[in-house]
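Colleague:
Protein chains: 2
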Amino acid sequence: MDQQQISAYLLKNGVRPLQKRVKIMSYLVSKRNHPTVDMIYSDLIHEINGLSKTTIYNVLNLFVQSGVALALNIEGNEIRYDADTSTHGHFKCKVCTGVIDFRIKKEDLPNPMLEGFRIDEQHFYLKGVCSFCANKIEA
Amino acid sequence: MDQQQISAYLLKNGVRPLQKRVKIMSYLVSKRNHPTVDMIYSDLIHEINGLSKTTIYNVLNLFVQSGVALALNIEGNEIRYDADTSTHGHFKCKVCTGVIDFRIKKEDLPNPMLEGFRIDEQHFYLKGVCSFCANKIEA
DNA sequence: TAATGTTTTTATAATGATTACAAAAATATG
DNA sequence: CATATTTTTGTAATCATTATAAAAACATTA
Chain A
5 MDQQQISAYL LKNGVRPLQK RVKIMSYLVS KRNHPTVDMI YSDLIHEING
55 LSKTTIYNVL NLFVQSGVAL ALNIEGNEIR YDADTSTHGH FKCKVCTGVI
105 DFRIKKEDLP NPMLEGFRID EQHFYLKGVC SFCANKIEA
Chain B
5 MDQQQISAYL LKNGVRPLQK RVKIMSYLVS KRNHPTVDMI YSDLIHEING
55 LSKTTIYNVL NLFVQSGVAL ALNIEGNEIR YDADTSTHGH FKCKVCTGVI
105 DFRIKKEDLP NPMLEGFRID EQHFYLKGVC SFCANKIEA
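Chains as they are written, first to last, in the working numbering: chain A, 5 to 143; chain B, 5 to 143.
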């Protein structure tokens with residue numbers, strides 16, 4: 005997705021495509037690394053002149069409200085952000101602290117009986133050790 | 005579960021059943037309300053003389069490490085604790101902020117292909133509006 | 001039971017992520 | 001171009017959690 009497409013995508017979802025917003029969304033879409041605010045900040049500060057961490061918080065909160073990003077709560081002390089809002093799961097490695105996606109089909113998620121409940125978000129995540137780190141430990 | 009049973013349960017899981025630990029676990033088991041540290045503190049401060057919030061943090065971290073409690077990360081700004089370590093899901097209501105359990109069979113959870121990964125924890129949670137709050141809003 | 005060593009708890013301070021707020025800058029509108 | 005609105009910024013405030021060292025509780029041994 006180039007900046008044009010990002011702009012159109014934001015606009016379609018009710019987010020005015022201002023420069024910094026487009027750049028932050030670009031970052032999320034291209035890196036796909038489920039960054040924390042700090043990670044975004046330290047990467048983009050070089051690219052965007054005079055970027056403030058508060059702006060990143062503002063923009064991400066707006067993205068989540070508008071439905072163009074997900075806030076992932078896997079560890080209690082950090083929120084990670086994901087521009088992929090389609091159904092999928094997350095795995096967090098305790099060793100390298102990375103978060104990776106895995107595919108789940110929507111119909112494979114449990115469908116609990118919650119009569120009268122309105123369900124807005126579904127989250128499925130795993131914690132453990134990724135194959136890369138598991139290999140290193142063994143060796 | 006009375007205090008005797010709680011003590012035995014803790015002991016079996018490698019946690020020395022000291023007084024405050026037993027009371028905190030009793031609280032978790034009897035209330036089943038997925039409390040935050042603050043909720044536990046304000047409820048137990050009346051019952052346990054000279055209880056410190058740091059102790060609750062210590063004890064809960066120990067419980068989680070020992071596998072007798074789960075730390076739930078649903079909202080980024082709070083950790084909730086659950087003494088029910090069996091497979092089940094959680095629903096968080098955006099209106100009343102309460103967290104409730106729902107049944108899931110272990111075999112109904114998605115089983116992603118993650119070759120070589122070690123999976124320690126599985127979490128499935130939903131966010132939305134519970135039936136009670138949904139009714140109130142409609143009326 | 002008394003003496004001693006270890007573990008646990010406490011109180012305070014420190015940390016770290018997030019939000020509140022008001023001023024400055026950017027953007028849109030007439 | 002002038003004005004009104006929205007966004008961003010920088011600083012300070014907030015809130016949950018952890019670090020730390022002293023005090024208290026507990027277990028062990030004589």
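Backbone N, C-alpha and C fix where the C-beta goes; we use that ideal spot for every residue, glycine too.
Please name the residue, chosen from A:Lys57, A:Ile52, A:Pro116, A:Asp105, that lies closest to Cys134 (chain A) on a Cα-to-Cα basis.
Modeller: Checking every option, the nearest Cα to that of Cys134 (chain A) belongs to A:Asp105.
Colleague: In this structure, how does DSSP classify Leu22 (chain B) when only helix, strand and coil are distinguished?
Modeller: Note: Leu22 (chain B) maps to coil in three-state DSSP.
Colleague: Report yes if the CB atom of Gly80 (chain B) is closer than 8 angstroms to the CB atom of Ala75 (chain A), and no otherwise.
Modeller: Cβ distance < 8 angstroms, so Gly80 (chain B) and Ala75 (chain A) count as in contact.
Colleague: So Val99 (chain B) and Ile78 (chain B) are supposed to be a Cβ contact under 8 angstroms. How far apart are they, rounded?
Modeller: Their Cβ separation, rounded to whole angstroms, is 15 angstroms, which puts Val99 (chain B) and Ile78 (chain B) out of contact at 8 angstroms.
Colleague: Taking contact to mean 3 or more Cβ pairs, one atom from each stretch, closer than 8 angstroms, check whether the region 125-132 of chain B and the region 118-137 of chain A are in contact.
Modeller: Yes: the two stretches touch, three or more of their Cβ pairs being nearer than 8 angstroms.
Colleague: I want to verify the contact list: residues of chain B whose CB lies under 7 angstroms from the CB of Ser135 (chain A), in sequence order.
Modeller: Under the 7 angstroms cutoff, chain B gives Glu119, Gly120, Phe121.
Colleague: Which stretch, first to last residue, makes up the beta strand (DSSP E) that contains Cys97 (chain B)?
Modeller: Element bounds for Cys97 (chain B): 92-97.
Colleague: From Asn115 (chain B) to Pro114 (chain A), what does the alpha carbon distance come to, in whole angstroms?
Modeller: Using only the alpha carbons, I get a separation of about 11 angstroms.
Colleague: Measure the C-alpha to C-alpha separation of Ala12 (chain A) and Gln23 (chain A) and round it to an integer number of angstroms.
Modeller: If I take the Cα positions, the gap works out to 13 angstroms.
Colleague: Please check the pair Leu64 (chain B) and Tyr31 (chain B), which I expect to be a contact at CB under 8 angstroms, by giving their CB distance rounded to whole angstroms.
Modeller: Going by Cβ atoms, the distance from Leu64 (chain B) to Tyr31 (chain B) rounds to 11 angstroms, so no, they are not a contact pair.
Colleague: Using a cut-off of 7 angstroms between C-beta atoms, extract the partners of Arg25 (chain B) located in chain A.
Modeller: Correct list: empty, because the minimum Cβ distance to chain A is about 21 angstroms.
Colleague: Strictly under 8 angstroms for the Cβ-Cβ distance: is Leu130 (chain B) near chain A by that measure?
Modeller: At least one chain A Cβ lies under 8 angstroms of Leu130 (chain B).
Colleague: Which residues in chain A sit within 7 angstroms of Leu113 (chain B), going by Cβ to Cβ distance?
Modeller: Result: Pro114.
Colleague: Taking 8 angstroms as the cut-off, does the region 54-68 of chain A touch the region 27-44 of chain A (at least 3 CB pairs, one atom from each stretch)?
Modeller: Contact holds: three or more Cβ-Cβ distances are below 8 angstroms.
Colleague: Taking only beta-carbon atoms, is Arg107 (chain B) less than 8 angstroms away from chain A?
Modeller: It does: the Cβ of Arg107 (chain B) has a partner Cβ on chain A nearer than 8 angstroms.
Colleague: Using a 10 Å radius around the Cβ and a threshold of 16 neighbouring Cβ atoms, would you call Lys96 (chain A) buried or exposed?
Modeller: Its Cβ being crowded by 16 or more others within 10 Å, Lys96 (chain A) is buried.
Colleague: For the alpha helix (DSSP H) containing Val68 (chain A), name the first residue and the last one.
Modeller: From DSSP, the alpha helix (DSSP H) with Val68 (chain A) extends over 57-70.
Colleague: If you measure between the beta carbons of Arg25 (chain B) and Leu14 (chain B), is that distance less than 8 angstroms?
Modeller: Yes. Within cutoff.
Colleague: Below 8 angstroms between beta carbons: does that hold for Gly3 (chain B) and Ser70 (chain B)?
Modeller: Since the first residue shown for chain B is 5 and the last is 143, residue 3 (chain B) is missing from the structure and cannot be characterised.
Colleague: Identify every residue that forms a DSSP beta bridge with Val133 (chain A).
Modeller: Answer is B:Arg122, bridged to Val133 (chain A).
Colleague: Please identify the residue among B:Arg36, B:Ala73, B:Glu142, B:Lys27 whose C-alpha is closest to the C-alpha of Asn53 (chain B).
Modeller: Of the listed residues, the one whose Cα sits closest to Asn53 (chain B) is B:Lys27.
Colleague: Could you tell me how far apart the beta carbons of Met29 (chain B) and Ile10 (chain B) are, in whole angstroms, since I believe they sit closer than 8 angstroms?
Modeller: The pair is a contact, with the Cβ atoms about 5 angstroms apart (cut-off 8 angstroms).
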